[in-house]
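S.K.:
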Amino acid sequence: NEEIKIILGGHQATSLPKETLETFSCFDIMVIGEGEETLLELVKELEKGTPDLKKIKGIAYRESDKITINPKRDLIKELDSIPFPSRELINFSRYRPPTKAYYSKPFAAMITSRGCPFYCTFCAYAKGVCRLRSPENVIGEIKELVRKYKVKSILFYDDTLTFDKERLIKICDLIIKNNFDLKWTCYSRVNAVSPSLLEKMKSAGCELISYGVESGSQRMLNIMKKGITLEQIEKAITMTKKTGIKTSASYVLGIPGETKESISQTIAFAKKLNTTFAHFNMITPWPGTELYNRLLKENQISENEWKKYAQKLGMHIPTVDLGEMTTDELKKFPIQAYRKFYLRPEKIWELAVSGLSFYKIKSYLLAFKALLRLR
Numbered sequence: 297n298e299e300i301k302i303i304l305g306g307h308q309a310t311s312l313p314k315e316t317l318e319t320f321s322c323f324d325i326m327v328i329g330e331g332e333e334t335l336l337e338l339v340k341e342l343e344k345g346t347p348d349l350k351k352i353k354g355i356a357y358r359e360s361d362k363i364t365i366n367p368k369r370d371l372i373k374e375l376d377s378i379p380f381p382s383r384e385l386i387n388f389s390r391y392r393p394p395t396k397a398y399y400s401k402p403f404a405a406m407i408t409s410r411g412c413p414f415y416c417t418f419c420a421y422a423k424g425v426c427r428l429r430s431p432e433n434v435i436g437e438i439k440e441l442v443r444k445y446k447v448k449s450i451l452f453y454d455d456t457l458t459f460d461k462e463r464l465i466k467i468c469d470l471i472i473k474n475n476f477d478l479k480w481t482c483y484s485r486v487n488a489v490s491p492s493l494l495e496k497m498k499s500a501g502c503e504l505i506s507y508g509v510e511s512g513s514q515r516m517l518n519i520m521k522k523g524i525t526l527e528q529i530e531k532a533i534t535m536t537k538k539t540g541i542k543t544s545a546s547y548v549l550g551i552p553g554e555t556k557e558s559i560s561q562t563i564a565f566a567k568k569l570n571t572t573f574a575h576f577n578m579i580t581p582w583p584g585t586e587l588y589n590r591l592l593k594e595n596q597i598s599e600n601e602w603k604k605y606a607q608k609l610g611m612h613i614p615t616v617d618l619g620e621m622t623t624d625e626l627k628k629f630p631i632q633a634y635r636k637f638y639l640r641p642e643k644i645w646e647l648a649v650s651g652l653s654f655y656k657i658k659s660y661l662l663a664f665k666a667l668l669r670l671r
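297 is the number of the first residue of the sequence shown in this note's numbering; add one for each residue after it.
#1: Which value, in whole angstroms, describes the spacing of the CA atoms of E337 and I372?
#2: Thinking just about the alpha-carbon of each residue, which of I328, E462 and C502 is nearest to the one in K448?
#3: May I ask you to list the residues that DSSP assigns as paired with H575?
#4: Would you check if the region 456-475 and the region 492-507 touch, i.e. whether three or more CB-CB distances between them fall below 8 Å?
#5: Between F629 and the rest of its own chain, which residues show a CB-CB distance below 6 Å, the 5 nearest in sequence each way excluded?
#6: By how many angstroms is the C-alpha of P552 removed from the C-alpha of E620?
#7: Which residues in the same chain have their Cβ closer than 7 Å to the Cβ of D455, if we skip the five residues on either side of it in sequence?
#8: Just reading off the beta strand (DSSP E) that R590 is part of, what are its end residues?
#9: What's the gap between the Cα of Y507 and the Cα of K350?
#10: Please work out which residues of its chain come closer than 8 Å, Cβ to Cβ, to E341, disregarding the five sequence neighbours upstream and downstream, and give them in chain order.
#11: Beta carbon of F323, beta carbon of L304: below 8 Å?
#12: Under 8 Å between C-beta atoms, does R390 make it to chain B?
#13: Hey, out of L526, K498 and H575, whose CA is closest to I541's CA?
#14: Answer yes or no: do D376 and S321 have a C-beta to C-beta separation smaller than 8 Å?
#15: Which full runs of the beta strand (DSSP E) of 3+ residues lie inside the region 317-394, going along the chain?
#16: Which residue comes first and which comes last in the beta strand (DSSP E) that contains S506?
#17: Going by DSSP, name the residue or residues bridged to A420.
#18: Here's a check: name, in chain order, each residue in its chain whose Cβ is nearer than 7 Å to the Cβ of D460, leaving out the five neighbours to either side.
#19: Distance, Cα to Cα, F414 vs G424?
#20: By the three-class DSSP mapping on this structure, what secondary structure does R427 have?
#21: Nearest-angstrom Cα distance between P641 and R392?
#22: Could you give the distance in angstroms between the alpha-carbon of K344 and the alpha-carbon of K603?
#23: Taking all protein chains shown into account, decide if V442 is buried (16 or more other Cβ within 10 angstroms of its Cβ) or exposed.
#24: Ignoring anything shorter than 3 residues or poking outside the region 445-527, list the beta strand (DSSP E) runs there in chain order.
#25: Which term fits I450, buried or exposed, when burial requires 16 or more other beta carbons within 10 angstroms of its beta carbon?
#26: Which residue or residues does DSSP assign as beta-bridge partners of G411?
#27: I need the DSSP call for L626, collapsed to helix, strand or coil.
#28: Could you tell me the alpha carbon to alpha carbon distance between I302 and L317, rounded to whole angstroms?
#29: Buried or exposed: I300, going by 16 or more other Cβ atoms within 10 Å of its Cβ?
#30: So the beta strand (DSSP E) M406 belongs to, where does it begin and stop?
#31: Going by C-alpha to C-alpha distance, which of E298, M520 and R390 sits closest to F418?
#32: On a Cα-Cα basis, can you pick out the residue from S389, R369, K401 and A405 that is closest to F287?
#33: Rank S389, K314, A545 and L494 by C-alpha distance to the C-alpha of R358 and give the top, closest one.
This is how it looks when you write it as structure tokens:
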């Protein structure tokens with residue numbers, strides 16, 4: 297039905313609205329940036345039958361084979377003004393968390409802030425500004441999840457939940473005060489935690505913290521503009537373990553400047569840290585990132601490079617030529633890293649004795665089977 301309008305939002309639509317409309321004729325409108333206010337205005341305008349799309353800020357659209365990009369819409373300043381997500385139609389029993397071993401069902405995901413004040417070159421998320429929901433607003437949504445939907449575990453998708461320590465302490469205090477039967481995990485930075493904060497998080501039900509470690513080479517961390525040191529990484533992981541909170545670390549391999557030596561340093565560092573989990577990712581220069589813009593300017597990637605990314609996700613296929621290593625050599629390193637980290641006898645034993653629930657056993661067996669099959 298050609299009268300049905302197909303609207304796309306998210307990073308793709310925000311970073312490359314014109315290119316996406318030119319490439320995919322199935323899409324009619326791109327929502328650029330945050331969608332709550334834009335989409336509501338857009339739907340109301342479309343309901344008129346003869347909409348005037350020119351007056352809707354924050355969209356790009358196709359009209360008579362011409363693509364128009366309207367002025368940007370300002371960011372939503374007061375996140376508390378946004379209603380809680382409508383979850384009435386969700387069957388929570390059918391959803392599984394990313395790391396099943398440390399979650400209880402029913403599981404839900406939520407976000408308490410938007411944006412990130414840091415400037416990592418490979419990250420596509422909003423930089424420089426971080427907007428926060430109030431502790432009371434956050435607890436209101438948690439209360440709804442726990443009491444209305446009987447949720448037992450939550451993954452907080454904030455880029456850095458611990459960015460504002462005082463706010464998080466208030467949230468933890470309110471979780472404790474309400475006596476929620478709840479376990480939760482989050483993402484953080486190694487320079488955004490302290491012993492007292494970690495103790496409070498543990499008391500409020502925090503089970504696992506995922507840190508963006510990225511590399512075991514200080515030179516590579518500097519190239520990424522990560523703004524952290526190897527010493528800070530070790531200190532944060534040690535503090536977190538001491539508190540009794542499980543740890544996860546993510547690493548990025550293949551950024552220009554990477555060498556065989558720096559990759560070996562990263563694998564060795566990951567083994568030394570011995571976080572509960574580790575994730576090794578091949579770099580993808582996403583549109584909108586500083587890395588993408590630099591590689592485009594240096595003619596190391598083409599303007600149409602992004603079209604290939606969907607085919608490469610999860611396949612450890614490099615997208616950037618590093619010179620020192622061939623593509624075939626480079627794509628073996630994430631697999632090598634996973635095997636060297638997880639297939640150590642002491643690591644296998646550590647995971648085996650960490651509490652053998654059905655979901656943990658099943659999760660570990662599937663993971664080990666996948667590691668052995670990787671080529």
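Glycine included, each C-beta is placed from N, C-alpha and C at the ideal position.
M.R.: According to the data block:
#1: Along the sequence shown, read from residue 1 onward, the residue named residue 337 stands at position 41. Along the sequence shown, read from residue 1 onward, the residue named residue 372 stands at position 76. So the two alpha carbons sit approximately 14 Å from each other.
#2: Your numbering for residue 448 matches position 152 in the sequence shown. For K448, the nearest C-alpha among the options comes from C502.
#3: The residue given as residue 575 occupies position 279 in the sequence shown. DSSP, once it has assigned bridges, lists S546 as partnering H575.
#4: yes
#5: Translated into positions along the sequence shown, residue 629 becomes position 333. So the qualifying residues of the chain are L549 and I559.
#6: The residue you call residue 620 lines up with position 324 of the sequence shown. The residue you call residue 552 lines up with position 256 of the sequence shown. Roughly 10 Å separates the two Cα atoms.
#7: Sequence index remark: in the sequence shown, residue 455 carries index 159 (1-based). These residues qualify, in order along the chain: C412, Y421 and Y483.
#8: Mapped onto the sequence shown, residue 590 falls at position 294. Unbroken run through R590 is the alpha helix (DSSP H), E586 to K593; no beta strand (DSSP E).
#9: Counting from one through the sequence shown, the residue named residue 507 turns up at place 211. Counting from one through the sequence shown, the residue named residue 350 turns up at place 54. If I take the Cα positions, the gap works out to 43 Å.
#10: The sequence position of residue 341 within the sequence shown is 45, counting from 1. Answer for E341: P347, D348, L349, K351 and I352, listed in chain order.
#11: For the purposes of this step, residue 323 is taken as residue 27 along the sequence shown, with counting starting at 1. For the purposes of this step, residue 304 is taken as residue 8 along the sequence shown, with counting starting at 1. Yes, Cβ-Cβ distance for F323 and L304 is below 8 Å.
#12: Here chain B cannot be found, since the structure has a single protein chain.
#13: To locate residue 541, count along the sequence shown from 1; it is residue 245. Minimum Cα distance to I541 is reached at K498.
#14: Here residue 376 refers to the residue found at position 80 of the sequence shown. Here residue 321 refers to the residue found at position 25 of the sequence shown. Contact: no.
#15: 325-327, 355-359 and 362-365
#16: In the sequence shown, the residue the question calls residue 506 occupies position 210. S506 -> beta strand (DSSP E) spans C502 to E510.
#17: For this step, residue 420 is matched to residue 124 along the sequence shown. Answer by DSSP bridge pairing: none, since A420 is not bridged.
#18: As a position in the sequence shown, residue 460 is number 164, starting the count at 1. Once the five neighbours on either side are set aside, the close Cβ partners of D460 are L428.
#19: As a working note, residue 414 is residue 118 in the sequence shown. As a working note, residue 424 is residue 128 in the sequence shown. Those two C-alpha atoms are separated by around 6 Å.
#20: Here the question's residue 427 lines up with position 131 in the sequence shown. Correct three-state label for R427: strand.
#21: Residue mapping note: residue 641 aligns to position 345 of the sequence shown, counting from 1. Residue mapping note: residue 392 aligns to position 96 of the sequence shown, counting from 1. Spanning the two alpha carbons is a distance of roughly 28 Å.
#22: Looking up residue 344 in the sequence shown gives position 48. Looking up residue 603 in the sequence shown gives position 307. Answer to the nearest angstrom: the Cα atoms are 35 Å apart.
#23: As a position in the sequence shown, residue 442 is number 146, starting the count at 1. The residue in question, V442, is buried, as its Cβ has 16 or more Cβ neighbours within 10 Å.
#24: 449-452, 479-484 and 502-510
#25: Position 154 of the sequence shown, counted from the first residue, corresponds to residue 450. By the 10 Å Cβ count, I450 comes out buried.
#26: Walking along the sequence shown from the start, residue 411 turns up at place 115. C426, per the DSSP bridge assignment.
#27: Counted from its first residue, the sequence shown places residue 626 at position 330. Residue state, collapsed to three classes: helix.
#28: Locating residue 302 in the sequence shown gives position 6, where the first residue counts as 1. Locating residue 317 in the sequence shown gives position 21, where the first residue counts as 1. The straight-line gap from Cα to Cα measures roughly 11 Å.
#29: Position 4 of the sequence shown, counted from the start, is the residue given in the question as residue 300. The residue in question, I300, is exposed, as its Cβ has fewer than 16 Cβ neighbours within 10 Å.
#30: In the sequence shown, counting from the first residue as 1, residue 406 sits at position 110. Note, M406: beta strand (DSSP E), F403 to M406.
#31: The sequence position of residue 418 within the sequence shown is 122, counting from 1. Checked all of E298, M520 and R390; the closest Cα to F418 is M520.
#32: There is simply no residue 287 to check, as the chain begins at 297 and stops at 671 in what is shown.
#33: Mapped onto the sequence shown, residue 358 falls at position 62. Of the listed residues, the one whose Cα sits closest to R358 is K314.
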